[in-house]
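In the working numbering, the protein residues as written are 27 to 82.
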């Protein structure tokens, strides 16, 4: 058995497991969303700025 066969088997088992799928979906959702704004997108201010603000 090669590494690639073992990796494929682990991936196939993970895809068939609903707990793993739910955890992966939650991880992607948390990585994409911004908890400081309402909804899924970025704030208007974050989308429109050209350079970062300087801390003074």
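Every residue, glycine too, gets a C-beta built ideally from N, C-alpha and C. None of the values given here were measured: they were computed from a predicted structure.
Nearest-angstrom Cα separation, counted from residue 29 out to residue 43: One alpha carbon belongs to residue 43, the other to residue 29, and they sit about 21 Å apart.
Where residue 61 and residue 69 are concerned, what is the direct C-alpha to C-alpha distance, given to the nearest angstrom? One C-alpha to the other measures close to 11 Å.
Look at the alpha carbon of residue 47 and the alpha carbon of residue 67, and state the distance between them as a whole number of angstroms. Going by the C-alpha atoms only, they are around 23 Å apart.
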